[in-house]
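Asker: Questions regarding the structure given below will be posed in turn.
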Amino acid sequence: MDTTFSYLNQQITGWKHRLSQASISNEDQEELKGHLDDVIYELT
452 MDTTFSYLNQ
462 QITGWKHRLS
472 QASISNEDQE
482 ELKGHLDDVI
492 YELT
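According to the working numbering, the stretch in the sequence shown is residues 452 to 495, in order.
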């Protein structure tokens, strides 16, 4: 399970990084990051 969590955590970190480079508003970026954090929380 640790390997799966580690992989997912790396993927979500990458998604958050790409969100910061996307041309969407900061408010939308923060909302999407919050959803990604919720996914991690639910999986752990």
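Built from N, CA and C at the ideal position, the CB exists for glycine as well.
Taking Lys412 and Leu470 to be in contact with their CB atoms under 8 Å, please state how far apart those CB atoms are, rounded to whole angstroms.
Answerer: There is no way to answer for residue 412, as the model of the chain reaches only from 452 to 495.
Asker: Helix, strand or coil: how does DSSP classify Ile491 here?
Answerer: Helix at Ile491.
Asker: For the alpha helix (DSSP H) that contains Ser476, what are its first and last residues?
Answerer: Ser476 -> no alpha helix (DSSP H), and no H or E assigned at all.
Asker: Alpha carbon to alpha carbon, how far is Tyr458 from Glu482? Give it in angstroms, no decimals.
Answerer: Cα-Cα distance, rounded: 22 Å.
Asker: Do you know how far the Cα of Asp489 is from the Cα of Gln461?
Answerer: Roughly 15 Å separates the two Cα atoms.
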